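In full-length UniProt numbering, the protein residues as written are 1 to 346. Idealized CB from N, CA, C, for every residue including glycine. Here the structure is a predicted model, which means the values were calculated and not measured.
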């Protein structure tokens with residue numbers, strides 16, 4: 001008889017399953033063959049426990065967190081957060097595995113690994129679903145699934161300027177992120193040691209107010225950095241971006257082409273652009289990369305007819321904006337205070 005407090009999931013309650021994954025009082029019974037395919041080490045422990053009631057208490061070694069190390073990457077391989085199997089976790093000749101992860105995450109994970117549609121389908125999936133499946137794939141060490149899902153997650157947090165511009169211009173609803181999604185991306189970066197996610201994730205955090213940041217779920221045993229530490233990082237990043245935001249208009253709209261044939265007209269247009277795009281003191285003004293894109297597009301819209309910029313000034317000013325944007329993008333890890341741990345950036 002199953003304990004009254006344990007309810008089984010309607011879909012993932014396979015009668016010949018040998019492992020019961022439990023989360024939030026809900027059980028998911030799955031096949032032993034699947035366990036062997038996902039994680040042979042875990043499967044061996046299941047065999048031993050069902051045979052003689054013995055198994056290692058910990059299949060995966062727990063992380064040791066160095067409180068003094070503020071930004072060291074999360075170890076990979078065997079140095080992952082552990083899960084526990086013990087002889088007391090026997091139910092109906094099955095091993096019971098308790099995971100400190102939401103039941104919805106487990107349901108999404110099992111749906112993905114049984115169909116493998118998360119990495120092969122071209123149908124867009126929302127960020128929360130992809131991230132929750134990735135977390136369970138990490139627990140079970142399913143490397144192919146981890147690699148495919150990480151690639152998808154990196155489309156939200158690209159490391160090249162061209163990819164970022166393409167992402168910003170894509171209005172697909174599946175690419176919309178909630179504040180909690182951005183914080184989850186920071187957790188994923190540390191969990192998988194994919195530090196190239198951090199600069200754009202923190203860049204996004206800089207536009208969130210204190211209330212939104214406080215409401216996000218920062219506590220996670222897969223993430224070494226605390227809420228307080230990251231709030232400090234974000235606050236410092238905001239200061240650096242604020243100084244750069246003041247320079248955006250002054251540098252990008254510094255002058256017209258030295259060979260301009262309609263200098264009075266183009267100078268007037270330049271003054272109007274400065275007035276329009278001079279940032280007000282707000283969180284939105286910290287989006288320096290995107291502000292430069294808006295100015296670049298605005299110049300194109302103002303190119304000459306009977307009024308507006310001459311062709312020479314359009315080319316001259318837009319080239320200056322492009323150079324400044326590329327410079328700021330290269331410096332993004334430094335702006336965000338993570339340049340010491342982000343090596344793969346372009």
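- Query: Helix or strand or just coil, what does DSSP make of residue 159?
  - Reply: Start at 1 with the first residue of the chain shown, and residue 159 comes out as number 159. Three-state DSSP puts residue 159 in coil, outside helix and strand.
- Rounded straight-line distance, which links the Cα of residue 132 to that of residue 140: What you label residue 140 is simply residue 140 of the chain shown in a count that begins at 1. What you label residue 132 is simply residue 132 of the chain shown in a count that begins at 1. Whole-angstrom Cα-Cα distance: 13 Å.
Query raised in the report: Taking the alpha helix (DSSP H) that residue 311 falls in, what are its first and last residues?
Result: For the purposes of this step, residue 311 is taken as residue 311 along the chain shown, with counting starting at 1. Residues 311-330.
Quick one: what's got a C-beta closer than 6 Å to residue 277's C-beta in the same chain, skipping five residues either side? The sequence position of residue 277 within the chain shown is 277, counting from 1. The residues are 249, 295.
- Item | residue 11, buried or exposed, once every other Cβ within 10 Å from all chains shown has been counted against 16 | Working through the chain shown from its first residue, we reach residue 11 at position 11. It counts as exposed.
Taking the beta strand (DSSP E) that residue 276 belongs to, which residues open and close that run? Here residue 276 corresponds to residue number 276 of the chain shown, with the count starting at 1. Segment 263-277 is the alpha helix (DSSP H) holding residue 276; no beta strand (DSSP E) there.
Quiz prompt | Contact belief for residue 8 with residue 25 at Cβ below 8 Å, rounded distance in angstroms | solution = Along the chain shown, read from residue 1 onward, the residue named residue 8 stands at position 8. Along the chain shown, read from residue 1 onward, the residue named residue 25 stands at position 25. Not really, about 11 Å apart at Cβ, beyond 8 Å.
TODO: For residue 207, I'd like the list of residues in its chain whose CB is within less than 7 Å of its CB, leaving aside the five on either flank, ordered along the chain.
DONE: Taking the chain shown and counting its residues from 1, one reaches residue 207 at position 207. The residues 283, 284, 286, 287, in chain order, have a CB closer than 7 Å to that of residue 207 in the same chain once the five nearest residues on each side in sequence are set aside.
- CB-CB under 7 Å to residue 251, same chain, minus the five flanking residues each way: which ones, in chain order? The residue you call residue 251 lines up with position 251 of the chain shown. The residues are 324.
Exercise for review: Please classify residue 160: is it buried, with 16 or more other beta-carbons within 10 angstroms of its beta-carbon, or exposed?
Suggested key: For the purposes of this step, residue 160 is identified with residue 160 of the chain shown, where counting begins at 1. With fewer than 16 other Cβ atoms within 10 Å, it is exposed.
Check: Helix, strand or coil for residue 7 per DSSP?
Finding: Taking the first residue of the chain shown as 1, we reach residue 7 at position 7. Correct three-state label for residue 7: strand.
*asked:* In the DSSP assignment, the alpha helix (DSSP H) including residue 23 goes from what residue to what residue?
replied: For the purposes of this step, residue 23 is identified with residue 23 of the chain shown, where counting begins at 1. No alpha helix (DSSP H) holds residue 23; the beta strand (DSSP E) holding it covers 19-23.
Using a Cβ distance threshold of 8 Å, determine whether the stretch 197-205 contacts the stretch 164-182, with at least three qualifying pairs required.
yes
| said: Helix, strand or coil for residue 108? Go by DSSP, reduced to three states. | reply: Here the question's residue 108 lines up with position 108 in the chain shown. In this structure, residue 108 counts as helix in the three-state DSSP scheme.
- Over the uninterrupted alpha helix (DSSP H) stretch that includes residue 31, give me the two end residues. One-based indexing of the chain shown puts residue 31 at position 31. Note, residue 31: premise wrong, no alpha helix (DSSP H); not H, not E.
(Q) Going by the DSSP bridge assignment, what does residue 13 pair with across the sheet? (A) For the purposes of this step, residue 13 is taken as residue 13 along the chain shown, with counting starting at 1. 29, per the DSSP bridge assignment.
inquiry  = For a test of the three-state rule: what should DSSP assign to residue 302, helix, strand or coil?
reply    = Start at 1 with the first residue of the chain shown, and residue 302 comes out as number 302. Reduced to three states, the DSSP call for residue 302 is coil.
- Query: Using a Cβ-Cβ cut-off of 6 Å (strictly less than) and excluding sequence neighbours within five positions of residue 332, which residues of its own chain qualify?
  - Reply: Within the chain shown, the letter at position 332 stands for residue 332. So the list reads 199, once near-sequence residues are dropped.
| query | With respect to the alpha helix (DSSP H) encompassing residue 205, which residues constitute its N-terminal and C-terminal limits? | reply | The residue given as residue 205 occupies position 205 in the chain shown. Start and end: 198-205.
What residue does the alpha helix (DSSP H) around residue 191 start on, and which one ends it?
Stepping through the chain shown from its first residue, residue 191 is reached at position 191. Run containing residue 191: 179-192, per the alpha helix (DSSP H) assignment.
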